[in-house]
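Participant: The sequence shown begins at 1 in full-length UniProt numbering and counts up by one.
A virtual CB, placed ideally from N, CA and C, is assigned to each residue, including glycine.
Here's a structure for you.
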Amino acid sequence: MSVPAEPLRLLGVRKTFGDLVALDDISFEVGRGSTTVLLGPSGSGKSTLLRCINLLEKPDAGQIDLGDGPIDVGGKLSGRTVRTIRSRSTMVFQQFNLFPHLTALGNVVLAPIESRGLPRPAAEERGRELLEKVGLGDKTDAYPDRLSGGQQQRVAIARALAMDPDFLLFDEPTSALDPELAAEVVAVLADLAAENRTLVVVTHSLAFARRVADRVVFLEDGRILQDGTPEEFFGSEDARLRRFRDVIGS
Ligand code: ADP
Ligand code: MG
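Put into structure tokens, the structure is as follows:
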């Protein structure tokens, strides 16, 4: 089997909620091993776009290509297609959504055991490695209510990694955190980016975009206003981008 050049391509993705056009003809590619940062004002469609990529929302029209050829996601989708598309990525949310009745390790091993059928000892060995990797090797047996927000989010990242996704989707992963705790999470994201994992990150942090992004995609009103390098984004004289940069600050 040949290795697909790009893990993700979107073509003409459209999503409406009643009369509201949340995404209007969105096309872009995410390069293997790259970090794409999605920026844009509140309500511009960033979350909807991430949710459409793994079909938490069903697009009205468009195609998604995960390297095996374009799939028309506007048409009727079989359960199998949905599962295939979902299995390629995992999403990390602003609210970490850990199971409160499971330990950190329990959260990380749940999906590999339940939906991949991995034997518990193997899942736990890998789970411990992943918690170690996100700096929580000493917290494997802690319950979420004993962890800080930053630690909970790092458990959520380890949990996402446990599914061995082709790419990871992050929706404002640091927005619920104090700056200090956000910094721990950003450090983990920067590590993942440095390992050449494929990441798509919605954030309001221009510092993160400047430091970690290979690509910046700027959305407004459900459309891509700019898609380019961080240098292009930060150097752009476009009035709308300048205003956004000034309002958001660093
Ligand atoms: P962002 O993440 O950039 O803030 P969203 O993708 O959440 O933006 O929202 C884009 C637009 O779609 C907004 O106008 C929002 O109100 C609308 N929207 C999002 N989800 C729904 C929904 N489930 N039902 C109706 N409108 C929605
Ligand atoms: Mg959002």
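(1) Under three-state DSSP, which class holds Lys46?
(2) Could you say if the segment 97–106 and the segment 135–147 meet the contact criterion of at least three C-beta pairs nearer than 8 Å?
(3) Measure the CB-CB distance between Met91 and Leu169 and report whether it falls below 8 Å.
(4) For the putative contact between residue 260 and Gln226, defined by C-beta atoms under 8 Å, what is the C-beta separation to the nearest angstrom?
(5) Let me confirm a value: Ser34 is counted as buried when at least 16 other C-beta atoms fall within 10 Å, else exposed. Which label applies?
(6) Please list, following the chain, all residues that have a C-beta closer than 5 Å to any non-hydrogen atom of the ligand ADP.
(7) Applying the 10 Å Cβ sphere with the 16-neighbour rule, what's the burial state of Leu8?
(8) I need the boundaries of the beta strand (DSSP E) containing Arg80, first residue and last residue.
(9) Could you compute how far the alpha carbon of Val3 sits from the alpha carbon of Gly67?
(10) With a threshold of 16 other CB atoms inside 10 Å of the CB of Lys76, please say whether the residue is buried or exposed.
(11) Compare the beta carbon distance of Val247 and Leu38 with 8 Å and say whether it is the shorter of the two.
(12) Any contact of the segment 40–58 with the segment 7–24, i.e. 3+ C-beta pairs under 8 Å?
(13) Tell me whether Val37, by its Cβ, gets closer than 7 Å to a heavy atom of the ligand MG.
(14) DSSP puts Pro70 in a beta bridge; with which residues?
(15) Compute the beta-carbon to beta-carbon distance between Gly40 and Leu199, rounded to the nearest angstrom, for a pair I have assumed lies under 8 Å.
(16) Return helix, strand or coil for Phe208, following the three-state DSSP convention.
(17) Residues in its own chain within less than 7 Å of Ile157 by CB, not counting five upstream and five downstream?
Facilitator: Result, derived from the coordinates:
(1) Residue state, collapsed to three classes: helix.
(2) Because the criterion of three Cβ pairs below 8 Å is met, the segment 97–106 and the segment 135–147 touch.
(3) Yes, the pair counts as a contact, with Cβ atoms nearer than the cut-off.
(4) Lying before the first or after the last residue shown, residue 260 is absent from the chain, which here runs from 1 to 250.
(5) Flag for Ser34 reads buried.
(6) The filter returns Phe17, Ala22, Ser42, Gly43, Ser44, Gly45, Lys46, Ser47, Thr48, in chain order.
(7) Taking every protein chain shown into account, the CB of Leu8 has 16 or more other CB atoms within 10 angstroms, so this residue is buried.
(8) No beta strand (DSSP E) holds Arg80; the alpha helix (DSSP H) holding it covers 79–88.
(9) Summary for Val3: the model assigns pLDDT 49, below 50, so the residue's position carries little reliability, and this model does not support an answer.
(10) Looking at its Cβ environment, which holds fewer than 16 other Cβ atoms inside 10 Å, Lys76 is exposed.
(11) Leu38 sits away from Val247, with the two beta carbons spaced by 8 Å or more.
(12) Yes: the two stretches touch, three or more of their Cβ pairs being nearer than 8 Å.
(13) No - the ligand MG has no heavy atom lying nearer than 7 Å to the Cβ of Val37.
(14) BP columns for Pro70 point to Asp65.
(15) In fact, because the Cβ distance is near 17 Å, the residues do not count as touching under 8 Å.
(16) It is helical.
(17) Here Ile157 has Val92, Val134, Val188 as same chain residues with Cβ atoms under 7 Å from its own Cβ, once five neighbours each way along the sequence are excluded.
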